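Worksheet: one structure, shown below.
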Amino acid sequence: MDFELSPEDAAFRDEVRGWLAENRDQIEHVRAVNWEDGGERFERYREWERILFDAGWGAVTWPKEYGGRGASLVQQALFTDEYVRAKGPDRINRLGLNLLAPTLMLHGTAEQREAHLSKIARCDEIWCQGFSEPNAGSDLASLRTRAVRDGDDFVITGQKIWTSLGVFGDWIFVLCRTNPDAPKHKGISFILCDMHAPGVEVRPLVQINGDARFAEIFFTEARTPASNVVGAVDEGWRVAMTTLGFERGTGLGSPAVFNRILDEVVDLTRRSPRDGGVAADDPDIRRRVAQAYIETRIFELSSQRTLTRLAKGGTLGPEASLTKLYWSEMEARLEELAMDVLGPRAELAKGSPGAERNGDWYSEYLYARASMIFAGTSEVQKNVIAQRVLGLPRE
Ligand SMILES: Cc1cc2nc3c(=O)[nH]c(=O)nc-3n(C[C@H](O)[C@H](O)[C@H](O)COP(=O)(O)OP(=O)(O)OC[C@H]3O[C@@H](n4cnc5c(N)ncnc54)[C@H](O)[C@@H]3O)c2cc1C
């Protein structure tokens, strides 16, 4: 495992840090609007993505021809670290950037890469992930949305659910059954579909924290060209597993994110009143902060080990489930700790006097429950680890 930065990587980090510092006002401008302001905040995020892209920071590891700068994985990790520290806005097109784009680089055709990669990086196309259905979540291979070949097109009919960013989406990568007679994991295809095409209907879903960025997507004989199938027809399961590997193993669980949450929780413990003193005096809170420090440190070291392995040409296998299980459960414990430190103040809504971070802690606590569900629930990750990493029998 390498801890020392090469001179080239150190220069890269300094360049990122300098650029983010120069753009601090712009970052504040984007973050100044709440999600309640819906479209306005979204447009500021999009505008920010274009600024990143134009400066060459939109997708640093991608080849230059698609708007990247051909940076290494170590440099990608350095970029994310600096970005999180500078409180850079969430990457609004993260499903396109982190899931679809690397999948297209491995399984897509030259035409598909040409058509979409730069548009993803520049946020000209917002992408959604159309995997889950009302009766196909953990058991994804039970999906029933079907795509039938008709001339040069596939015609899609069915329903997807829990589609993140569904209300903003332009394009969606959909898992469809193309051969109903094949065994469950066969006969599925991974298809790109324009969400503005006739026959695609988006119905927003309101979440427990009040956001309505999710959606159900209904396909009623929606047409998409057959050239939009990624990988071979009926072989989409293999493509989807690549995508899930990226979702579980990289992108979402950056150590810097959790280090920042922990720093903020420690700060809260020093300021939150408790029994005539502050929460930091409480032995149970102190024990949990120490435990959280250990966990975030382990995650950081384990991420560095994964990075070193990838940088040496290794690949992400089912071990990605270990990463996902670890960070999502750690995140939930961190947010629970914040709730217990804040006590009754935790639930003060946005705009209330005395609400910490304008009520965001509570919203993040609720969202952390979701991290143990999306990209495969904790139980599903444990099944994968048991069967595919440890080689234990199924029964
Ligand atoms: C915030 C968020 C964002 C999401 N975004 C997207 C998106 O953009 N696109 C998309 O396609 N999907 C998305 N999802 C859906 C997500 O992938 C599914 O919710 C998830 O796969 C679980 O499926 P399910 O909800 O149908 O639950 P179910 O599969 O019905 O599971 C219910 C419960 O049973 C347990 N369970 C199920 N099977 C087993 C088993 N074999 N062994 C042990 N326990 C089991 C589960 O762990 C869970 O506790 C999102 C979900 C969330 C919460």
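If you count the sequence shown from 1, position 46 lands on 63 in this note's numbering, and the numbers rise without skipping. C-beta atoms are modelled at their ideal positions from N, C-alpha and C, and glycine is treated no differently. Just so it is clear, the structure is predicted and the values come from calculations on it, not from any experiment.
So what's residue i in DSSP terms, helix, strand or just coil?
i, result
"Ile109", "coil"
"Ile205", "strand"
"Asp166", "The identity of residue 166 in the sequence shown is Arg, whereas the question assumes Asp. The answer is strand: DSSP assigns Arg166 an E or B state."
"Pro335", "coil"
"Ile225", "coil"
"Val16", "Given that the chain is displayed from residue 18 to residue 412, the structure contains no residue 16 and the question cannot be resolved."
"Leu269", "Reliability of the predicted coordinates at Leu269 is poor, the pLDDT of 44 falling under 50, and the value obtained from them is presented with this limitation in mind. Three-state result, Leu269: coil."
"Arg141", "The sequence given here has Asp at residue 141, not Arg. In this structure, Asp141 counts as coil in the three-state DSSP scheme."
"Ala366", "coil"
"Gly376", "helix"
"Trp254", "helix"
"Trp179", "strand"
"Arg230", "coil"
"Phe171", "strand"
"Phe235", "strand"
Quick one: Cα of residue i to Cα of residue j, how far?
i, j, result
"Ala214", "Arg240", "7 Å"
"Phe391", "Ala88", "29 Å"
"Phe29", "Leu22", "10 Å"
"Val406", "Asp26", "33 Å"
"Ile311", "Ala385", "19 Å"
"Gly183", "Gly75", "22 Å"
"Trp344", "Ser244", "37 Å"
"Val415", "Gly85", "Because the chain is modelled from 18 through 412, residue 415 falls outside the range shown and cannot be assessed."
"Thr332", "Ala94", "16 Å"
"Glu60", "Asp31", "29 Å"
"Gly294", "Asn110", "44 Å"
"Leu409", "Ser338", "15 Å"
"Ser422", "Pro24", "Residue numbering for the chain in the displayed model covers 18 to 412; residue 422 lies beyond these limits and cannot be assessed."
"Ser413", "Gly376", "An answer regarding residue 413 cannot be provided, because it is not within the stretch 18 to 412 covered by the chain."
"Gly334", "Gly262", "7 Å"
"His133", "Leu69", "17 Å"
"Asp187", "Gln146", "11 Å"
"Asn400", "Gln43", "44 Å"
"Ser206", "Cys193", "5 Å"
"Gln176", "Ser289", "47 Å"
"Leu3", "Gly393", "Past the boundaries of the shown model lies residue 3; the chain is included only from 18 to 412, so the question cannot be answered."
"Val247", "Ala38", "39 Å"
For residue i, does the count of other Cβ atoms within 10 angstroms reach 16, so buried, or fall short, so exposed?
i, result
"Leu269", "Confidence at Leu269 is low in this model, with a pLDDT of 44, below 50, so its placement is unreliable and the value that follows should be read with caution. Buried: at least 16 other Cβ atoms inside 10 Å."
"Glu412", "exposed"
"Thr237", "exposed"
"Pro361", "exposed"
"Glu57", "exposed"
"Pro272", "buried"
"Leu123", "exposed"
"Ala307", "exposed"
"Gly113", "buried"
"Lys329", "exposed"
"Met212", "buried"
"Leu318", "exposed"
"Gly371", "exposed"
"Ala81", "With the sequence shown as reference, residue 81 is identified as Lys, and Ala is not the correct amino acid for it. With fewer than 16 Cβ atoms within 10 Å of its Cβ, Lys81 is classed as exposed."
Contact criterion: CB-CB distance below 9 Å. Does residue i meet it with respect to chain D?
i, result
"Phe59", "Considering every chain present, this structure includes no chain D. It has just one protein chain."
Could you check whether the region 102 to 120 touches the region 152 to 169, counting it as contact only if at least three pairs of C-beta atoms, one from each stretch, sit closer than 8 Å?
no
Are three or more beta carbon pairs between the region 90 to 105 and the region 168 to 179 nearer than 8 Å?
no
Count the C-beta pairs between the region 374 to 390 and the region 355 to 365 that are closer than 8 Å, then say yes if the count reaches three, no if not.
yes
Pairing CB atoms from the region 294 to 305 with CB atoms from the region 215 to 228, are three or more of them under 8 Å?
no
On the three-pair Cβ rule with 8 Å, is the region 247 to 259 touching the region 185 to 202?
yes
Looking at C-beta atoms only, is the number of pairs between the region 101 to 111 and the region 35 to 48 that lie closer than 8 Å three or more?
yes
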